[in-house]
Amino acid sequence: MKDESRDQPRHPLRRAREDMRKARGVPDTPQTRAPAYRLAFADEDFLCREELRGVRLQLEMTKPKMVMDAEGIESTVVLFGGARVPPPERAHEARTETLRGLARFYEEARRFAGMLAGKGRPGEFVPVTGGGPGVMEAGNRGAMEAGGRSVGLGIVLPHEQAPNEFVTPELCFNFHYFATRKMQFLIRARAVAVFPGGFGTLDELFETLTLIQTGRMERVPVLLFGRGFWERVVNFEALADAGTISPDDLRLFAYVETAEEAMATIDAWEPAPPREEIPGRPPPLREEE
1 MKDESRDQPR
11 HPLRRAREDM
21 RKARGVPDTP
31 QTRAPAYRLA
41 FADEDFLCRE
51 ELRGVRLQLE
61 MTKPKMVMDA
71 EGIESTVVLF
81 GGARVPPPER
91 AHEARTETLR
101 GLARFYEEAR
111 RFAGMLAGKG
121 RPGEFVPVTG
131 GGPGVMEAGN
141 RGAMEAGGRS
151 VGLGIVLPHE
161 QAPNEFVTPE
171 LCFNFHYFAT
181 RKMQFLIRAR
191 AVAVFPGGFG
201 TLDELFETLT
211 LIQTGRMERV
221 PVLLFGRGFW
231 ERVVNFEALA
241 DAGTISPDDL
251 RLFAYVETAE
261 EAMATIDAWE
271 PAPPREEIPG
281 RPPPLREEE
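Residue numbers (the UniProt record's numbering): 1 to 289.
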């Protein structure tokens with residue numbers, strides 16, 4: 001994101017960056033060396049205090065929004081999926097036979113993102129991933145190979161050192177909080193594609209379904225790639241049979257197997273506003289007057 005003064009709106013007040021430069025050049029005295037003297041917005045120790053968590057959350061919401069607005073990103077398609085899903089050419093290195101079989105979904109994610117690159121106007125249906133390996137890499141790779149852009153929403157983890165090489169550099173972000181990262185995934189989403197994955201993928205899937213089920217999010221297409229995988233991992237019908245979700249909730253998502261099927265499902269999806277009520281949930285008990 002550009003921050004040169006010529007790109008900023010004109011106003012008569014002195015700019016923060018000017019004062020940061022000025023503060024670095026003050027005489028070295030006991031007073032100027034004291035932490036209290038540091039400009040608050042330039043004081044890393046202060047910004048990392050427990051009491052400033054709300055400010056840090058706001059910054060992680062604001063920075064990606066400003067950058068994506070400036071880059072003309074109007075809408076996205078989210079690709080969730082496992083970091084351990086290998087590309088077909090490396091399937092032989094997978095830890096399990098099941099993972100080797102899931103390598104085909106790397107290729108489907110790659111093809112799907114490539115198809116999205118040609119859909120709509122520039123800035124629409126832009127693929128967004130977590131910026132890591134596996135399915136995430138496939139999504140960014142497919143977009144780049146098709147001449148399109150893609151977003152990577154990374155997060156600081158002990159075992160991941162850098163985003164994958166296919167994320168559009170200007171759209172490559174890094175997060176501290178999972179909560180703000182998940183909001184950024186969905187805030188511009190026109191569709192959500194979920195490929196086989198582990199705990200992180202399940203977390204992202206169920207948060208998306210919960211937001212749609214409870215009317216906190218529009219009913220965008222939620223596409224589960226690989227019916228065989230998902231029916232083995234999650235028994236949605238058992239939840240409906242038990243009455244803990246409504247049979248209507250089973251229509252909040254669709255199973256697909258290929259990139260072509262996913263694109264056709266997106267094109268045929270009936271737009272719908274957020275729910276006004278949750279089907280099957282009883283009204284709260286009220287004391288009789």
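Ideal placement from N, C-alpha and C gives every residue a C-beta, glycine not left out.
**OP:** Tell me whether Phe225 sits in a helix, a strand or coil according to DSSP, three-state version.
**Re:** Residue state, collapsed to three classes: strand.
**OP:** Look up Val85 in the DSSP assignment and give the residues it is bridged to.
**Re:** According to DSSP, Val85 bridges with nothing at all.
Subject >> DSSP bridge partner residues for Cys172 (one or two, in chain order) >> reply: Cys172 is bridged to Gly152.
Original post:
Looking at C-beta atoms only, is the number of pairs between the segment 130 to 140 and the segment 73 to 85 that lie closer than 8 Å three or more?
Top reply: At 8 Å Cβ cutoff, the stretches touch.
**OP:** Take every Cβ of the segment 160 to 173, pair it with every Cβ of the segment 62 to 71, and state whether three or more of those distances are shorter than 8 Å.
**Re:** Verdict: yes, contact present.
**OP:** Quick one: residues in its chain with C-beta nearer than 7 Å to the C-beta of Pro86, no 5 flanking neighbours on either side, listed in chain order?
**Re:** Excluding sequence neighbours, Pro86 sits near Glu93, Ala94, Leu99, Ala103 and Tyr106.
Subject >> Enclosing alpha helix (DSSP H) for Thr32 [first to last residue] >> reply: Thr32: member of the alpha helix (DSSP H) spanning Pro30 to Arg33, first to last residue.
Original post:
For the 8 Å Cβ check, are there 3 or more pairs between the segment 155 to 165 and the segment 35 to 44?
Top reply: No, the segment 155 to 165 is not in contact with the segment 35 to 44.
Subject >> Through-space distance from Gly118 to Asp267, alpha-carbon basis >> reply: Computed Cα separation, rounded: 14 Å.
Subject >> Cβ shell of Asp248 (< 6 Å), same chain only, five flanking positions each side left out >> reply: Excluding residues within five positions, the ones whose Cβ falls inside 6 Å are Pro279.
Subject >> Where Ala117 falls: helix, strand or coil (DSSP) >> reply: Three-state DSSP puts Ala117 in coil, outside helix and strand.
Original post:
Could you give the distance in angstroms between the alpha-carbon of Thr214 and the alpha-carbon of Pro271?
Top reply: Here the C-alpha atom of Thr214 lies approximately 17 Å from the C-alpha atom of Pro271.
Original post:
At a cut of 8 Å, does the segment 140 to 153 reach the segment 196 to 207 through at least three beta carbon pairs?
Top reply: Segments in contact, no.
Original post:
Relative to the alpha-carbon of Met66, which residue among Phe206, Pro221 and Gln184 has its alpha-carbon at the smallest distance?
Top reply: It is Gln184 whose Cα lies nearest to the Cα of Met66.
Original post:
For Tyr177, which residues of its own chain have a beta-carbon under 7 Å away from its beta-carbon, when the five flanking residues on both sides are left out?
Top reply: The residues are Leu57 and Glu60.
Original post:
How would you label Asn140, buried or exposed, when you count the other beta carbons within 10 angstroms and need 16 or more for buried?
Top reply: The residue is buried, with at least 16 neighbouring Cβ atoms inside 10 Å.
Subject >> Three-state secondary structure (DSSP) of Leu252 >> reply: Correct three-state label for Leu252: coil.
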